[in-house]
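Trainee: This is the structure I have questions about; it appears just below.
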Ligand SMILES: Cc1cc2nc3c(=O)[nH]c(=O)nc-3n(C[C@H](O)[C@H](O)[C@H](O)COP(=O)(O)OP(=O)(O)OC[C@H]3O[C@@H](n4cnc5c(N)ncnc54)[C@H](O)[C@@H]3O)c2cc1C
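Given below as structure tokens:
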């Protein structure tokens, strides 16, 4: 049996962070991948969706140019061409990565499964690893909804295989995957209906943020039903119907396509974990300590599979933690400041805590908000949806959380993350000169409006 210093099961997003370091340390590494190299982000997640978001934005700007005196007629979507671009971007990322892996490691194509705590099987092949990293990510969750099993529906993978535009896309879900696809297809010209169980979209955010999200999408002509309970699905002659109670009123929406975007489930089911004592939580996410170690000494779990993050940047950061600790450091998952963005247009980005989280704290907290409509650069761009919200710890004067929902929010949020990471006080930020005219230049001035949170 071939022996390795390290075996990586799955080519998740930390692979590119970990591998060069291991190779530089002259470690012998085996990599196992059962699908396309590069994982979810490159093949079925961030890369294709953000390429689609870009195409949808071009369409939107072309249609709305009239307000700026720019006349464009007959904006048409050539969907095969849109997908050709998306596929060329994701394929080149995946192929380049695969070629590199094959050159630098022993690459095994197939499903990796533990036979013992040091032995992994890929079909009939057995390999031995001193240390084994589980990096297997998540899959789209299929909810237990009445009648769903009898009909055809799309998920984040199959929607990328569509050859033509849906006439009417029904989206079940109200979080970022659901909403990004909803806006993309609406901007391509599909009719879009969103059906969401909770009373608001983006339930992890504050209510005012959810309300603006709903306004943005409704203003583009997306139909939104929040506060629903699905009672059944049916399909006939190219039409799919969803029956649901909408605030207790029986309602039915029929469309041509149905997208289920209701969360993710960990790819831990068929790994043989039960044979080796690697523990998982109730949902199947692998339990790790603050340094990514599982309940078995030589086995680590990185990325979405450990349930401690659900983004590419958290997975990459897991890779940094693993490598730094291997070199004698003491990086911890719990030191990571939560940050994310939802790439609808305008983007919604947050670092740290929400206002609703802040209200639960015992310490004194200050808050200030400024609508995008009162930020000149946003106004000049004609991008006035959204707001900036800043939450401060009164005693330390440091930022506890910030939401930037509006034009450029996905980039501006990183600036605020640097401030938090480096313990800058808001008064220090106020002393910084920002370039004019930018959206972020207002941040120092928004602090002038700080008042106790109520
Ligand atoms: C539609 C969509 C859009 C997204 N957009 C964003 C975004 O804009 N920003 C962001 O930060 N995140 C985004 N995400 C989330 C992001 O893709 C994931 O958080 C990210 O890929 C991290 O995953 P990972 O590194 O844990 O593993 P993954 O990228 O999921 O990779 C795991 C790999 O392991 C392989 N594998 C699984 N089991 C086995 C096995 N037993 N043997 C061999 N191989 C195996 C899989 O085939 C896969 O290639 C998006 C997700 C989706 C679905």
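In our numbering, the protein residues as written are 611 to 1064. Ideal Cβ placement from N, Cα and C applies to all residues, glycine included. Treat the numbers as computed from the prediction; the structure is a model and nothing was measured.
Nearest-angstrom Cα distance between residue 977 and residue 1001?
Mentor: Within the chain shown, numbered from 1, the residue matching residue 977 stands at position 367. Within the chain shown, numbered from 1, the residue matching residue 1001 stands at position 391. Roughly 5 Å between the two C-alpha positions.
Trainee: Which whole runs of the beta strand (DSSP E) in the region 805-850 are 3 residues long or more, in chain order?
Mentor: 833-835 and 838-846
Trainee: State the DSSP-derived secondary structure class of residue 859, mapped to helix, strand or coil.
Mentor: Taking the chain shown and counting its residues from 1, the one referred to as residue 859 is at position 249. Three-state DSSP puts residue 859 in a strand.
Trainee: In whole angstroms, what is the alpha-carbon distance linking residue 940 and residue 740?
Mentor: Position 330 of the chain shown, counted from the first residue, corresponds to residue 940. Position 130 of the chain shown, counted from the first residue, corresponds to residue 740. Going by the C-alpha atoms only, they are around 21 Å apart.
Trainee: Taking the beta carbon of residue 1006 as the centre, do at least 16 other beta carbons fall within 10 Å, making it buried, or is it exposed?
Mentor: Position 396 of the chain shown, counted from the first residue, corresponds to residue 1006. Counting Cβ neighbours within 10 Å, residue 1006 comes out exposed, since fewer than 16 surround it.
Trainee: Can you check DSSP and say which residues form a bridge with residue 750?
Mentor: The residue given as residue 750 occupies position 140 in the chain shown. 874.
Trainee: For the 8 Å Cβ check, are there 3 or more pairs between the region 912-923 and the region 612-626?
Mentor: yes
Trainee: Could you say which of 722, 744 and 726 lies nearest to residue 1071 if we only look at CA atoms?
Mentor: As shown, the chain starts at 611 and ends at 1064. That puts residue 1071 outside it, with no answer to give.
Trainee: Using 7 Å as the cut-off, classify the Cβ of residue 825 as near or not near the heavy atoms of ligand 1, replying yes or no.
Mentor: Counted from its first residue, the chain shown places residue 825 at position 215. It does not: the Cβ of residue 825 is nowhere closer than 7 Å to a heavy atom of ligand 1.
Trainee: If we count the other Cβ atoms within 10 Å of its Cβ and call it buried at 16 or more, is residue 849 buried or exposed?
Mentor: Here residue 849 refers to the residue found at position 239 when the chain shown is read from its first residue. By the neighbour-count rule (16 or more Cβ atoms within 10 Å), residue 849 is not buried but exposed.
Trainee: Report the partner residues of residue 976 according to the DSSP bridge assignment.
Mentor: Locating residue 976 in the chain shown gives position 366, counting from the first residue. For residue 976, which the question treats as bridged, DSSP gives the partners 1002 and 1062.
Trainee: Give every residue of the same chain whose Cβ lies closer than 6 Å to the Cβ of residue 1040, excluding the five residues on either side of it in the sequence, and list them in chain order.
Mentor: Within the chain shown, numbered from 1, the residue matching residue 1040 stands at position 430. The residues are 1054 and 1057.
Trainee: Given the structure, does residue 835 come close to ligand 1, in the sense that its CB is under 7 Å from one of the ligand's heavy atoms?
Mentor: On the chain shown, residue 835 is found 225 positions in, with the first residue counted as 1. Not under cutoff, so the answer is no.
Trainee: Give me, in chain order, the residues of the same chain whose beta-carbon lies closer than 7 Å to that of residue 989; leave out the 5 immediate sequence neighbours on both sides.
Mentor: Within the chain shown, residue 989 is the residue found at index 379, counting from 1. Excluding residues up to 5 positions away in sequence, 983 lie with their Cβ nearer than 7 Å to the Cβ of residue 989 in the same chain.
Trainee: Could you check whether the Cβ of residue 729 sits closer than 7 Å to any heavy atom belonging to ligand 1?
Mentor: Residue 729 sits at position 119 when you count from the first residue of the chain shown. No, ligand 1 has no heavy atom inside 7 Å of this Cβ.
Trainee: Please list, in chain order, all residues of the same chain as residue 800 whose beta carbon is under 6 Å from its beta carbon, the five residues on each side excluded.
Mentor: Mapped onto the chain shown, residue 800 falls at position 190. Within the same chain, residue 800 has close Cβ partners 775, 776 and 779.
Trainee: Relative to the C-alpha of residue 611, which candidate in 937, 730, 1010 and 909 has its C-alpha closest?
Mentor: Taking the chain shown and counting its residues from 1, the one referred to as residue 611 is at position 1. Nearest C-alpha to residue 611: 730.
Trainee: Could you tell me the boundaries of the beta strand (DSSP E) in which residue 893 lies?
Mentor: Here residue 893 is taken as the residue at index 283 of the chain shown, counted from 1. Element bounds for residue 893: n/a, residue is neither H nor E.
Trainee: Within this structure, are the beta carbons of residue 969 and residue 1063 separated by less than 8 Å?
Mentor: What you label residue 969 is simply residue 359 of the chain shown in a count that begins at 1. What you label residue 1063 is simply residue 453 of the chain shown in a count that begins at 1. In this structure, residue 1063 lies closer than 8 Å to residue 969 by Cβ.
Trainee: Going by C-alpha distance, which of 975, 972, 1004 and 1016 is nearest residue 986?
Mentor: In the chain shown, counting from the first residue as 1, residue 986 sits at position 376. The shortest Cα separation from residue 986 among 975, 972, 1004 and 1016 belongs to 1016.
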